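Line by line, the protein sequences give chains A and B. Just so you know, we're using the numbering used here here: the first sequence kicks off at 1 and counts up by one. Just so you know, we're using the numbering used here here: the second sequence kicks off at 427 and counts up by one.
Protein chains: 2
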Amino acid sequence: MADYFAMDHDELTAEKTALEAQYKKFQGMNLKLNMARGKPGPHQMDLAMDLLKMDNYITDNGFDARNYGELEGLPEARALFADVFGVQPGEVFVGGNSSLQLMYNLVAIGMMFGFQDSPKPWGQVEHRKFLCPVPGYDRHFGITEEMGFELISVPMSPDGPDMDMIEKLVAEDDTIKGIWCVPQYSNPDGYTYSDETIRRFAALKTAAPDFKIFWDEAYIVHHLTDEIIETPVLLNEAKKYGNEDRVFMFTSTSKITFPGAGISAIACSENSMKYMCKRFSTMIISYDKMNQLRHVRFLKNKAGVLAHMAKHRRRLVPCFDAVKTTFAEELTPCGNIAHWTNPKGGYFISLYVMPGCAKRVAQLCKDCGLTLTGAGSAYPYHKDPDDSHLRIAPTYPSLTEVETASALLCVCVRLAVVEKLLADQQ
Amino acid sequence: MADYFAMDHDELTAEKTALEAQYKKFQGMNLKLNMARGKPGPHQMDLAMDLLKMDNYITDNGFDARNYGELEGLPEARALFADVFGVQPGEVFVGGNSSLQLMYNLVAIGMMFGFQDSPKPWGQVEHRKFLCPVPGYDRHFGITEEMGFELISVPMSPDGPDMDMIEKLVAEDDTIKGIWCVPQYSNPDGYTYSDETIRRFAALKTAAPDFKIFWDEAYIVHHLTDEIIETPVLLNEAKKYGNEDRVFMFTSTSKITFPGAGISAIACSENSMKYMCKRFSTMIISYDKMNQLRHVRFLKNKAGVLAHMAKHRRRLVPCFDAVKTTFAEELTPCGNIAHWTNPKGGYFISLYVMPGCAKRVAQLCKDCGLTLTGAGSAYPYHKDPDDSHLRIAPTYPSLTEVETASALLCVCVRLAVVEKLLADQQ
Numbered sequence: 001m002a003d004y005f006a007m008d009h010d011e012l013t014a015e016k017t018a019l020e021a022q023y024k025k026f027q028g029m030n031l032k033l034n035m036a037r038g039k040p041g042p043h044q045m046d047l048a049m050d051l052l053k054m055d056n057y058i059t060d061n062g063f064d065a066r067n068y069g070e071l072e073g074l075p076e077a078r079a080l081f082a083d084v085f086g087v088q089p090g091e092v093f094v095g096g097n098s099s100l101q102l103m104y105n106l107v108a109i110g111m112m113f114g115f116q117d118s119p120k121p122w123g124q125v126e127h128r129k130f131l132c133p134v135p136g137y138d139r140h141f142g143i144t145e146e147m148g149f150e151l152i153s154v155p156m157s158p159d160g161p162d163m164d165m166i167e168k169l170v171a172e173d174d175t176i177k178g179i180w181c182v183p184q185y186s187n188p189d190g191y192t193y194s195d196e197t198i199r200r201f202a203a204l205k206t207a208a209p210d211f212k213i214f215w216d217e218a219y220i221v222h223h224l225t226d227e228i229i230e231t232p233v234l235l236n237e238a239k240k241y242g243n244e245d246r247v248f249m250f251t252s253t254s255k256i257t258f259p260g261a262g263i264s265a266i267a268c269s270e271n272s273m274k275y276m277c278k279r280f281s282t283m284i285i286s287y288d289k290m291n292q293l294r295h296v297r298f299l300k301n302k303a304g305v306l307a308h309m310a311k312h313r314r315r316l317v318p319c320f321d322a323v324k325t326t327f328a329e330e331l332t333p334c335g336n337i338a339h340w341t342n343p344k345g346g347y348f349i350s351l352y353v354m355p356g357c358a359k360r361v362a363q364l365c366k367d368c369g370l371t372l373t374g375a376g377s378a379y380p381y382h383k384d385p386d387d388s389h390l391r392i393a394p395t396y397p398s399l400t401e402v403e404t405a406s407a408l409l410c411v412c413v414r415l416a417v418v419e420k421l422l423a424d425q426q
Numbered sequence: 427m428a429d430y431f432a433m434d435h436d437e438l439t440a441e442k443t444a445l446e447a448q449y450k451k452f453q454g455m456n457l458k459l460n461m462a463r464g465k466p467g468p469h470q471m472d473l474a475m476d477l478l479k480m481d482n483y484i485t486d487n488g489f490d491a492r493n494y495g496e497l498e499g500l501p502e503a504r505a506l507f508a509d510v511f512g513v514q515p516g517e518v519f520v521g522g523n524s525s526l527q528l529m530y531n532l533v534a535i536g537m538m539f540g541f542q543d544s545p546k547p548w549g550q551v552e553h554r555k556f557l558c559p560v561p562g563y564d565r566h567f568g569i570t571e572e573m574g575f576e577l578i579s580v581p582m583s584p585d586g587p588d589m590d591m592i593e594k595l596v597a598e599d600d601t602i603k604g605i606w607c608v609p610q611y612s613n614p615d616g617y618t619y620s621d622e623t624i625r626r627f628a629a630l631k632t633a634a635p636d637f638k639i640f641w642d643e644a645y646i647v648h649h650l651t652d653e654i655i656e657t658p659v660l661l662n663e664a665k666k667y668g669n670e671d672r673v674f675m676f677t678s679t680s681k682i683t684f685p686g687a688g689i690s691a692i693a694c695s696e697n698s699m700k701y702m703c704k705r706f707s708t709m710i711i712s713y714d715k716m717n718q719l720r721h722v723r724f725l726k727n728k729a730g731v732l733a734h735m736a737k738h739r740r741r742l743v744p745c746f747d748a749v750k751t752t753f754a755e756e757l758t759p760c761g762n763i764a765h766w767t768n769p770k771g772g773y774f775i776s777l778y779v780m781p782g783c784a785k786r787v788a789q790l791c792k793d794c795g796l797t798l799t800g801a802g803s804a805y806p807y808h809k810d811p812d813d814s815h816l817r818i819a820p821t822y823p824s825l826t827e828v829e830t831a832s833a834l835l836c837v838c839v840r841l842a843v844v845e846k847l848l849a850d851q852q
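Okay, structure coming up:
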């Protein structure tokens with residue numbers, strides 16, 4: 001292997017032939033691998049099975065968790081998430097198995113009715129817009145795309161999104177109604193917003209009185225090193241500027257206990273809580289409090305959550321390591337054909353390949369039995385302007401599968417780059 | 427006791443004094459009784475505790491119910507509800523713990539996007555309207571009230587809503603977008619729509635191409651007699667007229683297993699299923715399939731559901747009997763001061779007191795420690811034009827409590843009527 005950018009036409013052609021032979025070998029293996037979604041594996045879910053060993057659903061207060069009631073969630077579940085978020089229990093709402101659904105329903109409430117501080121429902125705002133730090137989470141973007149918002153990309157850096165750009169945009173344009181953020185171990189880069197970024201979010205001066213920050217703490221306890229990274233709590237910071245009604249923080253246990261059967265939570269101001277509960281009370285009597293109680297008894301508190309997450313970490317670190325080591329061994333020698341992130345937590349590695357090659361890489365992988373998230377998915381409208389980004393999710397497959405998938409992925413990256421370099425020469 | 431309408435002023439005054447003495451006795455008991463909501467009691471929920479004895483969450487097909495996936499619900503859960511509804515599994519969507527939330531989200535989809543057959547989103551239809559058979563379920567009406575529909579009352583009879591009126595209204599007005607129905611053991615009257623009513627619903631000619639029937643089969647297996655009443659399945663009937671895209675049927679296990687932690691389902695046409703799932707996929711990855719699998723293994727099929735519901739019945743019939751027997755003993759001798767329904771299933775008895783007295787009765791009960799559903803709640807905007815209707819929910823309290831509550835209720839009805847008759851004489 002040598003720097004592809006130093007190769008002449010013949011050398012590139014030879015490299016292409018060699019890579020095609022390697023690719024063919026992988027094709028002969030009839031692989032069926034999936035690194036598309038941030039999906040925990042069975043060995044992670046097995047860690048939480050004791051959660052189900054419970055036959056008494058009466059809470060310490062004598063409340064029967066089986067029946068209707070307690071829309072805001074069981075008090076003990078609110079206390080658990082208050083501990084995890086770093087806020088007060090009265091600022092916490094505990095929902096069902098999907099934080100995405102909570103987000104969707106909040107944006108839908110904005111669309112149909114507006115919030116307590118809205119001049120009018122968002123659905124009546126022409127040219128309504130939403131800010132999207134990129135690359136970001138496709139399902140976030142999908143909600144606001146479907147609801148007719150123009151999605152405005154904001155570039156990410158290791159410190160978080162470009163705050164100069166955000167401050168300027170929201171100060172000028174009252175049709176910008178919100179922003180999607182994954183502040184800790186961001187999806188997909190794995191970056192954690194800096195304290196200064198969080199402070200600037202808390203202090204934002206916005207033209208829209210009803211600008212909302214959708215702050216998805218999906219990976220708040222999902223550390224991949226023994227360094228427990230903790231950052232200022234946006235809701236608390238926002239209070240210092242009187243901006244607490246602007247903040248909706250979210251989290252869930254989807255990647256702590258069971259992806260499809262965990263519990264979710266919102267942290268927000270008491271004003272927002274009151275408004276939100278009034279709206280939610282038309283929609284649902286209460287969420288599944290039996291599952292809330294199971295989670296409380298199993299996880300207990302933040303310390304319990306962190307202890308449980310350490311078990312996850314020990315099972316996930318080898319898979320992340322396999323990806324990164326293979327990239328370093330197989331891609332670095334080829335010159336500047338790709339770079340990737342080195343997350344300290346979360347569920348993903350971002351792989352940036354030479355511009356114009358990401359779609360081709362994803363296609364080559366797919367044709368060989370390895371499914372990746374569609375190239376471009378991390379950008380609004382699924383359009384990566386550079387056609388460079390790929391999101392790698394190494395959690396679901398076994399370690400052996402991740403090793404195989406990483407090796408195949410490197411062959412595909414190199415092949416796509418060589419193809420492009422040869423095409424560019426013509 | 428004698429017919430109040432035959433009493434002169436002095437007799438009524440004496441009766442009032444006697445009733446006030448009885449009322450005072452109840453006040454001395456410091457009661458805390460609640461017959462407001464259709465809430466199962468602990469003895470009902472205890473019947474389903476075996477549902478929780480499960481440690482294997484892999485389905486027969488090898489699917490891991492703990493993880494993400496299967497938005498439409500586990501195939502075995504879809505089959506269970508297909509059996510209950512009387513439709514095909516491919517026509518069934520299985521959701522989370524709340525059918526109300528499914529209804530809300532469907533109306534919200536109508537509001538924001540419209541349906542596959544909508545000329546435009548409902549939110550953009552000025553003077554949009556929804557039909558509400560009355561008395562009906564306050565939470566149904568609340569959804570469309572909040573979403574800005576004008577609610578049009580349609581009178582109920584023991585055969586169902588007034589179909590002449592409905593046929594006329596929907597044929598003429600394309601701003602009427604739907605109707606709320608509880609076709610079996612209706613909330614609150616306990617009436618079951620006749621076959622002819624169901625056929626006319628299936629055949630409706632509507633001016634709106636996107637008219638939807640929200641058909642809430644909340645009490646489809648909630649028989650209170652050993653007569654298993656079954657009616658034509660609206661979705662199947664609608665197919666005969668090419669109207670199947672108009673039908674959304676709902677049910678849930680909230681009053682079969684656990685009110686707050688059951689599972690819910692929709693039955694609809696394949697067209698509607700496709701459209702709905704596309705919209706829902708933006709909102710949620712999948713509902714709680716572990717709870718779906720628990721329910722499937724516990725209830726098995728329709729026969730299993732019916733066997734379980736027979737256990738409920740044996741525990742509920744005495745409470746319904748206590749209410750009706752007390753009414754007959756205490757109210758009938760007073761002349762035509764009240765009449766009530768005699769449901770063969772469901773969760774409620776409708777009590778119609780002399781017009782102008784319902785609010786007063788509810789207030790008298792409340793002041794004595796017995797909470798009823800607010801008078802008027804069963805009507806759009808909570809306004810009963812006759813101030814006559816009270817919804818009695820005898821399931822949650824114990825039998826002894828129901829006996830006490832019924833006796834108190836009768837004193838309050840009689841007192842309110844006597845007060846009114848005396849006031850009318852002046």
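Using N, Cα and C, we set each Cβ at its ideal position, and we do this for glycine too. All values reported here derive from a predicted model rather than from experimental measurement.
C-alpha distance - residue i paired with residue j, whole-angstrom precision
| i | j | result |
| --- | --- | --- |
| L33/A | Q27/A | 12 Å |
| N613/B | G772/B | 7 Å |
| D55/A | H295/A | 13 Å |
| D850/B | L293/A | 55 Å |
| R739/B | G562/B | 23 Å |
| E755/B | N61/A | 40 Å |
| P609/B | P587/B | 9 Å |
| K53/A | K289/A | 16 Å |
Three-state secondary structure (DSSP) of residue i
| i | result |
| --- | --- |
| H553/B | coil |
| L500/B | coil |
| Y563/B | coil |
| R391/A | strand |
| S690/B | strand |
| A764/B | strand |
| P161/A | strand |
| H382/A | helix |
| D436/B | helix |
| F674/B | strand |
| Y68/A | coil |
Strand pairing of residue i, partner residues [DSSP]
| i | result |
| --- | --- |
| N34/A | T371/A |
| S153/A | C132/A |
| K311/A | Answer is none; K311/A lacks a bridge partner. |
| M54/A | In the DSSP output, where bridge partners are listed per residue, M54/A has none listed. |
| Y287/A | Y287/A is not bridged to any residue. |
| C357/A | The partner list for C357/A (beta bridge, DSSP) is empty, contrary to what the question assumes. |
Same chain, Cβ closer than 6 Å to residue i, neighbours up to 5 away in sequence not counted
| i | result |
| --- | --- |
| K39/A | Y396 |
| D717/B | At residue 717/B the sequence reads Asn, which differs from the Asp that was named. Excluding residues within five positions, the ones whose Cβ falls inside 6 Å are I689. |
| T797/B | N460 and A462 |
Per-residue contacts from residue i into chain C (C-beta, under 8 Å)
| i | result |
| --- | --- |
| N291/A | As a matter of chain content, chain C is missing from the structure shown, whose protein chains are A and B. |
Assumed close pair residue i, residue j - CB separation to whole angstroms, cut-off 8 Å
| i | j | result |
| --- | --- | --- |
| V843/B | V779/B | 7 Å |
| A407/A | L390/A | Not a contact, Cβ separation roughly 15 Å. |
| I229/A | T192/A | 6 Å |
| F141/A | R128/A | Contact flag wrong, Cβ pair sits at about 14 Å. |
| A267/A | M249/A | 4 Å |
| A261/A | R492/B | 6 Å |
8 Å CB neighbourhood of residue i in its chain, flanking five on each side removed
| i | result |
| --- | --- |
| A207/A | V170, A171, E172, D173, D174 and I176 |
7 Å Cβ shell around residue i - same chain, five flanking residues per side excluded
| i | result |
| --- | --- |
| S707/B | L497 |
| L19/A | V411, R414, L415 and V418 |
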